[in-house]
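Protein chains in written order, with full-length UniProt numbering: chain A, 1 to 232; chain B, 1 to 232. The beta-carbon is built from N, C-alpha and C at its ideal position, and this holds for glycine as well. Computed from a predicted structure; not experimentally measured. Notes for the one structure printed next.
Number of protein chains: 2
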Amino acid sequence: MQLELLLSAEPARPGDPNGRPGERPARPGGRTARVRAAVRAATLAELGEKGYQGLTVEAVAERSGVHKTTVYRRWGSVEGLIADALELASGEPWPVPDTGDLASDLRALTREVLAGFTDPEAGPVATAFVSAAVQNPAAARALHAFFAARHEQSAPVVRRAVARGELPADTDAAEVVRVAVAPLYYRLFVSGEPIDTAVADRAADAALAAARAGALRTAPPPAGSAAAGSPG
Amino acid sequence: MQLELLLSAEPARPGDPNGRPGERPARPGGRTARVRAAVRAATLAELGEKGYQGLTVEAVAERSGVHKTTVYRRWGSVEGLIADALELASGEPWPVPDTGDLASDLRALTREVLAGFTDPEAGPVATAFVSAAVQNPAAARALHAFFAARHEQSAPVVRRAVARGELPADTDAAEVVRVAVAPLYYRLFVSGEPIDTAVADRAADAALAAARAGALRTAPPPAGSAAAGSPG
Numbered sequence: 001m002q003l004e005l006l007l008s009a010e011p012a013r014p015g016d017p018n019g020r021p022g023e024r025p026a027r028p029g030g031r032t033a034r035v036r037a038a039v040r041a042a043t044l045a046e047l048g049e050k051g052y053q054g055l056t057v058e059a060v061a062e063r064s065g066v067h068k069t070t071v072y073r074r075w076g077s078v079e080g081l082i083a084d085a086l087e088l089a090s091g092e093p094w095p096v097p098d099t100g101d102l103a104s105d106l107r108a109l110t111r112e113v114l115a116g117f118t119d120p121e122a123g124p125v126a127t128a129f130v131s132a133a134v135q136n137p138a139a140a141r142a143l144h145a146f147f148a149a150r151h152e153q154s155a156p157v158v159r160r161a162v163a164r165g166e167l168p169a170d171t172d173a174a175e176v177v178r179v180a181v182a183p184l185y186y187r188l189f190v191s192g193e194p195i196d197t198a199v200a201d202r203a204a205d206a207a208l209a210a211a212r213a214g215a216l217r218t219a220p221p222p223a224g225s226a227a228a229g230s231p232g
Numbered sequence: 001m002q003l004e005l006l007l008s009a010e011p012a013r014p015g016d017p018n019g020r021p022g023e024r025p026a027r028p029g030g031r032t033a034r035v036r037a038a039v040r041a042a043t044l045a046e047l048g049e050k051g052y053q054g055l056t057v058e059a060v061a062e063r064s065g066v067h068k069t070t071v072y073r074r075w076g077s078v079e080g081l082i083a084d085a086l087e088l089a090s091g092e093p094w095p096v097p098d099t100g101d102l103a104s105d106l107r108a109l110t111r112e113v114l115a116g117f118t119d120p121e122a123g124p125v126a127t128a129f130v131s132a133a134v135q136n137p138a139a140a141r142a143l144h145a146f147f148a149a150r151h152e153q154s155a156p157v158v159r160r161a162v163a164r165g166e167l168p169a170d171t172d173a174a175e176v177v178r179v180a181v182a183p184l185y186y187r188l189f190v191s192g193e194p195i196d197t198a199v200a201d202r203a204a205d206a207a208l209a210a211a212r213a214g215a216l217r218t219a220p221p222p223a224g225s226a227a228a229g230s231p232g
């Protein structure tokens with residue numbers, strides 16, 4: 001969920017991202033990693049300013065200082081740029097709340113989602129990612145992998161509560177996270193209603209109440225399930 | 001939510017939709033209403049087959065049998081066609097469950113959403129509407145009005161439960177509906193996970209538990225709220 005971390009976790013490298021041999025790399029991986037980081041930072045900045053529909057390989061190349069032919073060779077297209085930015089984000093650790101209390105942890109989670117979409121810089125980028133996924137299958141695959149990783153990373157919040165005896169033992173950790181954050185995404189991308197701290201807290205509290213009541217236990221494997229694909 | 005009703009509620013008129021003077025109109029409103037219905041039916045059929053990105057005024061005109069210049073004059077663009085189809089849908093009544101039991105009513109609601117997106121004909125149309133809203137401000141406004149109407153139309157499910165003493169008196173009816181359906185939309189359009197009957201039932205049960213626990217009471221008016229717009 002914490003799409004705002006896409007911006008904060010990987011700042012653009014200062015200097016020439018095509019690499020200067022004598023320069024000590026700021027991260028392991030050397031020139032390739034620096035080029036990837038620069039292209040990704042430029043992708044995020046362009047997405048934030050122009051949205052998915054305004055994203056071009058040319059603008060990312062120019063902004064990153066990486067040669068256009070390099071960007072085309074490695075990333076292929078706008079879709080490749082978006083997928084790579086999300087793949088990098090999926091692999092990054094992010095601070096999972098651990099306040100010792102499930103109610104507070106869940107509110108911290110939903111407030112992080114709120115912050116990610118209302119932040120003036122990160123919000124448009126996060127919105128652009130969801131928008132891209134609706135329009136493009138490669139971006140959709142990357143976004144889905146990103147959320148699978150975030151569900152898994154958030155699960156300890158619930159598992160700790162189970163261990164503390166706050167929730168039934170067979171509580172579905174990912175489902176508690178989904179139910180907590182879903183109302184925010186629903187308002188943002190479906191019903192088009194505003195979100196604020198009260199909305200975020202209420203969504204967290206609702207998930208907590210549902211989990212406590214045993215409504216979010218592990219379900220049997222779904223049969224005959226269906227998912228909407230990207231409409232193409 | 002019940003986007004599948006977009007298809008079923010307004011079948012295409014047989015015959016020439018440009019109108020024959022001697023023909024008795026099948027609905028009140030005469031030729032204008034027939035043209036609008038034909039254009040709308042064609043818009044839905046095209047959306048279902050080709051998605052938002054494949055929708056063109058020309059194809060809608062050809063499919064509906066309405067002159068292209070008429071479509072351009074009245075609807076202006078693809079966005080106008082989508083907005084009009086949604087506006088017609090917002091004004092239509094649809095069957096609100098009334099089983100006498102909130103748990104069953106909420107499951108009926110979430111199963112209707114499930115059916116709307118998994119139906120082979122209606123599903124792609126419903127998906128295309130949400131996709132269009134993410135990409136286009138006019139479509140977004142129309143979709144948001146559609147959902148506002150559906151929240152209002154669904155509210156009696158909750159109000160009846162309050163009257164029966166099943167829920168706290170200050171339960172926020174629209175919020176119960178949002179929490180019930182949000183996990184389905186989250187899976188469809190954000191996390192990209194499958195939906196099925198078990199998912200729909202669990203979402204309904206979670207909303208019920210949250211409402212019973214008093215977690216979905218009317219909140220004070222939001223201050224400093226923010227909504228993500230269409231990224232353009």
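Item                                                                                                                                                                                            : Value
Give every residue of the same chain whose Cβ lies closer than 8 angstroms to the Cβ of B/P124, excluding the five residues on either side of it in the sequence, and list them in chain order. : L47, G48, E49, G51
Can you give the Cα-Cα distance for residue 234 of chain B and A/A45, rounded to whole angstroms?                                                                                               : Past the boundaries of the shown model lies residue 234 of chain B; chain B is included only from 1 to 232, so the question cannot be answered.
Going along chain B, which residues have a C-beta under 7 angstroms from A/P183?                                                                                                                : R178, V179, A182
For the alpha helix (DSSP H) holding B/A85, just list the boundary residues, first then last.                                                                                                   : 78-90
Is the segment 198-213 of chain B touching the segment 172-184 of chain B in the sense that three or more CB pairs, one from each, lie closer than 8 angstroms?                                 : yes
Label B/Q183 either buried or exposed according to how many other C-beta atoms from any shown protein chain fall within 10 Å of its C-beta, with 16 as the threshold for buried.                : Reading off the sequence shown, one finds Pro at residue 183 of chain B, where the question assumed Gln. Label assigned to B/P183: buried.
Give me, in chain order, the residues of the same chain whose beta-carbon lies closer than 8 angstroms to that of A/R24; leave out the 5 immediate sequence neighbours on both sides.           : At A/R24 the pLDDT is 46, less than 50, meaning the model places this residue with poor confidence; the figure from the coordinates comes in the next sentence. Hits under 8 angstroms: none found.
Pull out every residue of the UniProt domain "HTH tetR-type" (33-93) of chain B whose Cβ sits closer than 9 angstroms to any Cβ of chain A, in chain order.                                     : L47, K50, G51, Y52, Q53, G54
Quick test of your reading: A/A61 and A/V71, contact by CB under 8 angstroms. State the CB separation rounded to the nearest angstrom.                                                          : 5 angstroms
With a threshold of 8 angstroms, are at least 3 pairs of Cβ atoms found where one atom belongs to the segment 100-112 of chain A and the other to the segment 144-157 of chain B?               : no
With a threshold of 9 angstroms between beta carbons, is B/S131 in contact with chain A?                                                                                                        : yes
Excluding sequence positions up to five away, which residues of its chain have a Cβ less than 6 angstroms from the Cβ of B/A161?                                                                : L102, L167
Does the Cβ-Cβ distance between A/H144 and B/E193 come in under 9 angstroms?                                                                                                                    : yes
Since A/T171 sits in a beta bridge, which residues does DSSP pair it with?                                                                                                                      : A/R217
Please name the residue, chosen from B/L55, B/G80, B/D105, that lies closest to B/P137 on a Cα-to-Cα basis.                                                                                     : B/G80
List the whole-angstrom C-beta distance separating A/L188 from A/F117, where the pair is believed to meet the contact cut-off of C-beta under 8 angstroms.                                      : 6 angstroms
Mind checking whether B/V57 and B/V78 have CB atoms under 9 angstroms apart?                                                                                                                    : yes
B/R202 to A/A215, Cα distance in whole Å?                                                                                                                                                       : 7 angstroms
Does the distance from the CB of A/S104 to the CB of A/P97 come in under 9 angstroms?                                                                                                           : yes
Starting from A/F147, trace the alpha helix (DSSP H) both ways and give me its first and last residue.                                                                                          : 137-163
Just to make sure I have the definition right: I need the residues of chain A whose C-beta is within less than 8 angstroms of the C-beta of B/G116. Which are they?                             : Correct list: empty, because the minimum Cβ distance to chain A is about 11 angstroms.
Taking only beta-carbon positions, decide if A/E121 is within less than 9 angstroms of chain B.                                                                                                 : no
Which chain B residues are close to A/A140, counting only those with a beta carbon under 7 angstroms from its beta carbon?                                                                      : G192
Please work out which residues of its chain come closer than 8 angstroms, Cβ to Cβ, to B/L114, disregarding the five sequence neighbours upstream and downstream, and give them in chain order. : L184, I195, D196, T197, V199, A200
Could you tell me whether the Cβ of A/A203 comes closer than 9 angstroms to any Cβ of chain B?                                                                                                  : yes
When the Cα of A/T99 is compared with those of A/T32, A/V158, A/A37, which residue comes out closest?                                                                                           : A/V158
Below 9 angstroms between beta carbons: does that hold for B/L88 and B/A139?                                                                                                                    : no
Whose CA, out of A/R141, A/S191, A/R212, lies closest to the CA of B/A149?                                                                                                                      : A/S191
Which same chain residues, not among the five before or five after B/T171, have their C-beta less than 7 angstroms away from its C-beta?                                                        : V158, V162, A211, L216, R217
Pick out whichever of B/Q53, B/L55, B/R63, B/A204 has its Cα sitting closest to the Cα of B/A37.                                                                                                : B/R63
Determine the direct distance from the alpha carbon of B/L55 to that of A/R141, and round the result to whole angstroms.                                                                        : 24 angstroms
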